Each structure stands twice: as C-alpha cells, then as structure tokens.
Amino acid sequence: EPTLFGTTIRENILFGKPGASEEEVVAAAKSANAHKFISALPDGYDTQVGEKGVQMSGGQKQRIAIARAILKNPSVLLLDEATSALDAESERVVQDALDRLMVGRTTVVVAHRLSTIRGADAIAVVRRGSVIELGTHSELLEKGGAYATLVQMQGSEEEDRRRNERKIARVEQSDDDHQSSINWGMPARMAGEGVLEVAHEAEEIAEEIVSAVARTSSHVVSAAESGEVITTTSPEKKGVTKRRKKWLRKSRDEHGQETDEAKEDEDGAAVDKKRIALLNKPEMPAAVTGILGSIGMGMVMPSFSIVFSSMIGVFYRYYLDSTELVNQAQKWSLVFMAIGFGALFSAIIQNYSFNYMGQRLGRRIRVLTLTALLKQEIGWFDDEKNSSGVLTTKLSTDAMAVKGQFGDSMGLLTQNAVTLVAGLIIAGAYDWRMMLLVVACLPLLGIVVGIQTRLIVNYVNQESENFASANRAASESFLAIRTVAAFGMEDNLADLYHRLLMFPTQKAKQRILSSASGFGFNQIIIFGIFSLAFWFAGDEVSSGRATFEEVLKSFFAVFLAAFSTAQSQLHFPDVAKGKEAAKRVFAIIDRKPLIDSSSAQGDRPSTCKGNIELHDVTFAYPQRPDAPVFQKFNLSVEAGKTMALVGESGSGKSTVVSLIERFYDPVDGGVLLDGQDIRDLNLHWLRSHVGLVSQEPVLFNMSVADNIRYGRPEASLEQVEEAARAANAHQFIQALPEGYSTMLGEGCIQLSGGQKQRIAIARAIVKDPKVLLLDEATSALDAESERVVQDALDRLMVGRTTIIVAHRLSTIRDADNIAVVYKGHIVEQGSHDELMSKGGSYARLVAHQTRASTS
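For what it's worth, the working numbering labels the leading residue of the sequence shown as 20, then goes sequentially.
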C-alpha cells in the first residue's frame, strides 16, 4: 500500500533524499516508469497528489513511491509487494529498474507474484511464522515441495501458454524493435515508428484532447444555463435528463468545479442566533436557571459599590464612638459575606447551566456536522481544503466553539445588562450629575472594545485555516509513521510542520499586538475616567450639591459596573472565535451535496437486471479539470456478463468503477443502469445493488464481524461466517484472539494486506449485489489464497453483471468481454481468444506477462 503525503509529486519523491537536484528527481522518476505520466499532468512535478495520494491511481502512487526509494539509493533495499499495483508493461520496466538498483545491495523481497523473484539468490517459503523451504528457484522446483506447488498454481497452463505463444509470435517480432513501446491501437504508421516519435505524437494528441474537452464542456454548460435542450447522438438512449440539466445549471462549471455561488455559500453567511437557540431548545429550562444565576452575578458589583461606599462612610464619620463604629463595621462585614455567598451560588448556577447547554449544543452540532460530511459527494473530499485534518478540526474544535454563541453569550450579556442597569439606577439615585459624567465617558470605552474585537475577528478565521494545514500534515505523519521511520523523514516532516506554523504564528503576532494595543487604550480610558470623576467629586462635595458618601456611591456604582463590563472583553475573543466557527460549521451543514446519498428522491425500480452502459461520457476529476480522463467514452456490459478492463496505470479503468458507483457524475454523457440514467435513480437503491472490492481495502475500527456486516447490516453471524468462508477468510479469523469479535483498526490487531483484502471481499459477498465491481480485488493475495478467493468470486459472479479492473491478466481470461483502455479510450474489445488472434494491444500485454512468468 504506497504511502504518499498531501503535497506535490516532487516533494514526495524528495523525501527519499532531501536536497536532491531536479535532474536526480527526474532520473528516479524515469527509472520507476513514472516520468511519462507525471509530465502529462497539467502541473507536472508540482501536481498536488492530495491527501494520502487520493488524486493518483494505485499504479501511479506505487511508481512515485518506488521513485522515492530509488532516489534514496540505499544499502539495504526492502521491497514489500513493490510492483503489485502495476500493469504488465509498467511492472516489466520498473522491475528492470529495481533489478539494476538491487545490484550490490542487500535486498529482501516480499512477493506474491513469483515471476518477480525467480532470479533471487535465495527464496524462503514462509508458513505460519516458520521457514519451511529455502533455496534458489531451480533448487526448490527440483524438490517438488511447497514452492513448486505455488509456482504450479500461479503459472499458466502449458497448453494455454503454447496457444498464446503461437498467437503472439508476430507481436513478439515487432516488440523486439521497440521493447518499451506498446501498440495501443494506434495507427500502423505510429506503431512502426520510434519510441520518441510515438511519445511526441501522443503528447500532441493529449493536448488536443484537453482543448477539445474545454470547448465541448464550455458549450454544454452554456447551453444548459440558457435553457437549451441537450441531447446525445443516439436519440433512443436516455442522455442528458432534466435532472442532469438542472445539475449542470446549478452545480458545476465547465470542468466540474463548483460555481461561484456555491463557493460563496461555503464561505458562510451571517450566523443566525435564532437557529442556534432552536438547536438548544431542549435545554431551555437550563437557560432559565442560567439567566437567574447571571442576574445574581450581575447584581454583585452594584451591591458591592453600595456596601463598599457605606463602609468607607462609616470610617469617615468621626463623631461615632468606638462601640458604634465596631457595630457598623460588623454589620457591613456581614453584608460583604452575604454578597460573597450570593456570588458563589449565582456563579455555580450560571456556569453549570450554560456549560450544560453548551455541551449538549456542541454534541448536537457535532452529530449534524458529521452527518452532513458523510452526505457530501466524493469530489468534495478531493479538495485539499476538505482533507481529513481540516474536517477533523471543524468537527472537534469548531463544533464545540459554537456553544459560546448562545449559552455563554446569553449569560455574559444578561450579567452585563443587569450590572449596567443596576449601576446606573444606584448612581442616579445618589448623584445623577456624577452618573451623567461617567456615562458620557463610556462610549470611548465601547469604541476601543469594538475595534479590538473586530481586529480579533478578522484574524480568527485565517488562523483556524492555517493551523488546519499544519494539523493535516501532522495527521498524515502519524498515519504513515512506518513510511516516515523507514525513510528517516522525522526531521523533514518536523521542518514542514514548522514551516506550516510560521504563517499563522506571524498572523498571531499581529492579532496579539492589536489585542494588546486595545487593552492598553482601555487602561488609559479607565484611569482617565478615574481622574475626571475624582476631580468632579471634589467639586460636588465642596459646592454642597452632594455629600461625600453620596458621591462615593454614585461614582463606584457606575464605575464598577462599567469596569466589570469592560473586563468581560477578555471573553470577546472566544465569542469571536465561536462566531467564525459557527460560520464554518453551518456552511458544511447547509451545503447541499451535488450527489446526496441521504436523499429520498429518485426512482426505485422493482427489479435490477444489471445492464450497464457508459454513453458518450466526458469526465475530469473536479480537482484536475484540465486533465480529462474520458472524452466521449462508451462501454456496454450486458446483464449477467463479465467485462474486464485492462491497460496501463492511470488510463481510466478505476474511474469507470467510480462513475458506476456514482462517486462522481460525468461532465457530459450518462451512465445507464437497465437503460435508465443513474442520476435519476435513488442513490441508496443504486448502491444497495452494487458491490465494490477496491485495490486498497478499508476496514473500520470495529470487530471483524461488524466490518463484514457493513455489506449488509442485518446479516446474521452464520451469514457472516459463510461469506468469510467463501472469501477464504474464515480460517485466519478463527485463529485471531477473539475470532469474529476481534477488534480491528488503530491500536488493535494488525492484519496483513491479504487478510484485510479477504475481509473486504467477504463484505461484498454478504451484500449479494446485482452488479459486482472488482478493482484489483485479488492483487494483495498470495497464489494459494488468490486461487481459493478467485473460485469464490467466480461462483459469486454467476448471474451477476461484473466489471473487473485487473493488471494480472490470468484472472480475467474467462471474462465474456475484455476491453483495453488507453488514455481514456477503449482501443480493443473482445474475448480473450478474439483479442489474441488480433495480435494487438491485448496480445502485447499477454506477451509481456507470459515472458515474465517463463523467464
């Protein structure tokens, strides 16, 4: 399973040797047979591979990983199924490069394809943790033991091989002239010319395809937006439906990108606090108690101002005797204590109530956010802005930050309002002139607080996005820790993380400076009000308009109320962050997926026969709109038949699988199931009739049985075990510590690639689908397991429409139809025998694999 990081192709290769020159990078890519497809990409070596290399095909990822190893130029080379994801021609070229690389180096090769290790100095057959045979290829064959049995099971039958060799004799002749070139259905003139000329003309054709797709797609979308009727070339086929035109009109631009309107929506609109309140409606009783607690806290400072002023007034009354002075002091001390207990209970009630509301709101928003995330179309996740690191941050940090927008802010506002109103009433009752003076100064304080808050808000969103990039890099490092350790990339990734933190750190400095400046101006204004108030108090007392105690109570009532309110600005950054977090979270919740898996709309036919057709499909991945995969692509599979797709890595084979599963929608044309465009079918219904086994198996952090039940949640344990037996998984599952109850995933039992693949196959078997999609389903299995699983798949395919994506041609020889795909076009199609008799592209592929297996 090749591990790539969410950066450019060049940087991924450079992880093998940091500081290597451009020439060294290109040379490594050429040796790994990767330079050609990299150069064909719009951004070449600067192309972003996406999180975990999601933008690359399996074979492309593997070749980039091999280039990284080649660039490292190690003394010890470990090859763990290094060529398993490559097509026949790519495997031959890469294997030649690896053979050269292995010279003079200690090399350990883990392989299921025995043809790749026949030249090894020693071959060890491992079974259940023990070496049961050891020797060279010839020595082990002479023994006739376990290795000989494996070779026999994996090798093609001699009769078939002789028949194939006769059919490809003429192919071999031309192949000697240009070993690294394949006649992919090109004109004879091109096939007979040199490699460089073929490559040059292919590059020109690729440029023409890009230009043609741009023109065609632009026309289609402009026509749809103007309301024109769009039809396909075949009137009896269901081409672009009304629903399709609506989809084109509102969702995508000419290359499958979201429209500006959609992007604006994703940026987030103003946060509606009524909406947050509705989400918190079940906790409204807690809001009532929280408000009561806030009112109590709001009365603390005004009460304190009266008691404090009265206490000072007691000491000012020089005419009191000592007994009366002590009595007065004791009285006000007890009042102080009562205020303290009142503040204690009010704070407990306020904080408990609003934190309870906030936690419930945060949990509710997390569930809504995750539900919305799981509904988004696959193309949305391809965008690096929606990587797992970014989305995890939104799900954890942002969702919890939103809680401050209702409960916390409600408590803060209530407390401040009560404090200010009570303070003004008390101040007006004792000296209204002092009150007016202090109130006249408060707008200055409000302006400074407002500017400070606005500056904070402007930086909060950018800070979150930039830290999300750093979080993504860290997350990828943890997930790929074995690759990090193997290549000694710890320091490089630490430097990358440091660089990603530099920008948000610089921004944080600006925010801190703004916040500090605002706080400083606050202090100037507060002490300025102090100065002015004390000057005015002296004038009031000296003129006899108010007594000393009245002036003191009026001043402290207003000032302490204003000071308490100003101090609450310390919470403003959290409120501002909550506001920006709410925008981001609700942008996800409100986003209408272009392909909504939860929608109840769409037809649900009573039966599914399984006729599949891709009609005039034009398609480019949303994140690479200038690199079209298909243009006017056509493919038809009859119900109950098996169609195999072969061809070099990156030719578009797996894209066919993605379109049938409706992970993506074509830019033009349609994918039909039983003659009906799948965009008009209910998506849940469609996927319930389609089973998928991918090249890279995905298991979840749950038990083995539950992982298999993902194919059919209601399946019984007996059905789960039956599916596991059919997938040749039952035996090793039973040997696990807790059998089918053994937990998988992070921190749990570790399975081999073949074991994970067999569990994924069992998951597809238990689903019992009408359409079966096998994307290199047996590529990770050893010869014996592959044979058993292939037998199970053969039984499963009976009566089902099956599409097989394969590099190993021995697994698809019995397919009803085989299509050779090259650069998004089918260049040959027919049965195995028909294609062999043609002596074209397919025959060349068979020739390469036959030569490899007999060498």
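Note that CB positions come from ideal geometry on N, CA and C, so glycine has one too.
Just so it is clear, the structure is predicted and the values come from calculations on it, not from any experiment.
Member of the options whose CA lies at the smallest distance from the CA of residue i
i: Ala88; options: Val503, Lys162, Leu700; result: Val503
i: Asn541; options: Asp609, Leu571, Pro462; result: Pro462
i: Gly666; options: Ser562, Leu512, Met121, Glu795; result: Glu795
i: Pro716; options: Ser157, Asp813, Arg782, Lys651; result: Arg782
i: Ile778; options: Ile295, Glu403, Thr761; result: Thr761
i: Arg603; options: Val409, Val319, Leu153; result: Val409
i: Ser713; options: Lys651, Ile823, Val437; result: Ile823
i: Gln868; options: Asn92, Leu96, Leu133, Glu43; result: Leu133
i: Val354; options: Phe323, Ser372, Asn370; result: Phe323
i: Tyr516; options: Lys528, Ser496, Ala535; result: Ser496
i: Ile543; options: Trp351, Val467, Glu559; result: Val467
i: Gly426; options: Asn374, Arg385, Ser407; result: Asn374
i: Asn92; options: Ser407, Thr524, Phe34; result: Phe34
i: Phe538; options: Ala565, Leu464, Phe555, Ala601; result: Leu464
i: Asp402; options: Pro321, Asp635, Gln525, Gln642; result: Gln642
i: Ser157; options: Ala139, Arg147, Arg146, Ser149; result: Ala139
i: Phe400; options: Val840, Gly25, Leu864; result: Gly25
i: Phe582; options: Ile548, Trp554, Glu559; result: Ile548
i: Lys422; options: Asp450, Arg385, Pro756, Glu805; result: Arg385
i: Ser313; options: Gln776, Met453, Ser428, Gln848; result: Ser428
i: Ile368; options: Ala305, Gly398, Ala866; result: Ala305
i: Ile701; options: Pro624, Thr342, Ala742; result: In the sequence on display, residue 701 carries Asn and not Ile. When each option's Cα is compared against that of Asn701, the closest is Pro624.
i: Ile727; options: Arg698, Lys786, Phe605; result: Lys786
i: Ala436; options: Ser829, Thr342, Ser352, Ile310; result: Ile310
i: Ala130; options: Ser735, Leu793, Gly773; result: Gly773
i: Ala580; options: Tyr759, Met454, Pro788; result: Met454
Distance CB(residue i)-CB(residue j) smaller than 8 Å
i: Ala862; j: Leu664; result: no
i: Leu169; j: Glu737; result: no
i: Val144; j: Ile151; result: yes
i: Ile780; j: Leu654; result: no
i: Thr820; j: Val808; result: no
i: Gly317; j: Thr433; result: yes
i: Thr390; j: Lys413; result: no
i: Ala576; j: Gly442; result: yes
i: Val690; j: Val790; result: no
i: Ala901; j: Thr661; result: Any question about residue 901 goes unanswered here, given that the chain covers just 20 to 874.
i: Gly659; j: Gly818; result: yes
i: Phe649; j: Gly507; result: no
i: Gln347; j: Leu339; result: yes
i: Glu657; j: Asn630; result: yes
i: Lys98; j: Thr126; result: Note that residue 98 corresponds to Leu in the displayed sequence, not to Lys. The answer is yes: Cβ separation under 8 Å.
i: Ile142; j: Gly154; result: yes
i: Asp645; j: Asp687; result: no
i: Ala556; j: Phe574; result: yes
i: Lys877; j: Thr674; result: Residue 877 is absent from the structure shown; the chain starts at 20 and stops at 874.
i: Val457; j: Phe553; result: no
i: Gln378; j: Ile295; result: no
Whole-Å CB distance - residue i paired with residue j, under 8 Å assumed
i: Gln67; j: Thr27; result: 6 Å
i: Ile784; j: Ala745; result: 5 Å
i: Ala489; j: Leu512; result: Their Cβ separation, rounded to whole angstroms, is 11 Å, which puts Ala489 and Leu512 out of contact at 8 Å.
i: Ser372; j: Thr411; result: No, Ser372 and Thr411 are not in contact; Cβ-Cβ is about 30 Å, not under 8 Å.
i: Leu711; j: Leu678; result: The pair is not a contact, with the Cβ atoms about 12 Å apart (cut-off 8 Å).
i: Met320; j: Thr438; result: 5 Å
i: Leu551; j: Cys460; result: 7 Å
Inter-stretch contact at 8 Å, needing at least 3 Cβ pairs: the region 722-739 / the region 679-699: Segments in contact, no.
Alpha helix (DSSP H) runs contained entirely in the region 86-164, provided each spans 4 or more residues: Qualifying alpha helix (DSSP H) stretches, in chain order: 107-121, 156-162.
Meets three-Cβ-pair contact criterion under 8 Å: the region 660-679 and the region 744-751: Contact between the region 660-679 and the region 744-751 is absent: fewer than three C-beta pairs spanning the two stretches fall below 8 Å.
Segment contact flag, the region 317-328 with the region 568-575, C-beta cutoff 8 Å, min 3 pairs: Touching, yes, given that three or more Cβ pairs across the two stretches are closer than 8 Å.
Complete alpha helix (DSSP H) runs within the region 579-653 (minimum length 4 residues, chain order): List check, alpha helix (DSSP H) in window: 591-609.
At least 3 beta-carbon pairs within less than 8 Å: the region 295-302 vs the region 403-419: Taking 8 Å as the limit for Cβ pairs, the verdict is that the region 403-419 does not touch the region 295-302.
Contact the region 609-619 vs the region 392-405: 3+ CB pairs below 8 Å: As far as the Cβ criterion goes, the region 609-619 touches the region 392-405, which means the pair count is three or higher.
Cβ contact (3+ pairs, closer than 8 Å) linking the region 108-122 and the region 57-67: Not touching, per the Cβ criterion.
Contact between the region 41-56 and the region 80-97 (3+ Cβ pairs under 8 Å): The region 41-56, when compared against the region 80-97, does touch it at the 8 Å Cβ threshold.
Runs of alpha helix (DSSP H) lying entirely within the region 662-711, each at least 4 residues, in chain order: For the region 662-711, whole alpha helix (DSSP H) runs of length 4 or above, ordered along the chain, are 672-679, 702-707.
Length at least 4, wholly inside the region 380-411: the alpha helix (DSSP H) runs in chain order: Restricted to the region 380-411, the alpha helix (DSSP H) segments that are unbroken, complete and at least 4 residues in length are 397-401, listed in chain order.
Whole runs of the alpha helix (DSSP H) within the region 296-343, excluding any shorter than 4 residues: Counting whole runs of 4 or more residues, the region 296-343 contains the alpha helix (DSSP H) stretches 303-317, 319-335.
Contiguous alpha helix (DSSP H) assignments of at least 4 residues, all confined to the region 776-828: For secondary structure counted as the alpha helix (DSSP H) over 4 or more consecutive residues, the region 776-828 holds these complete runs in sequence order: 802-816.
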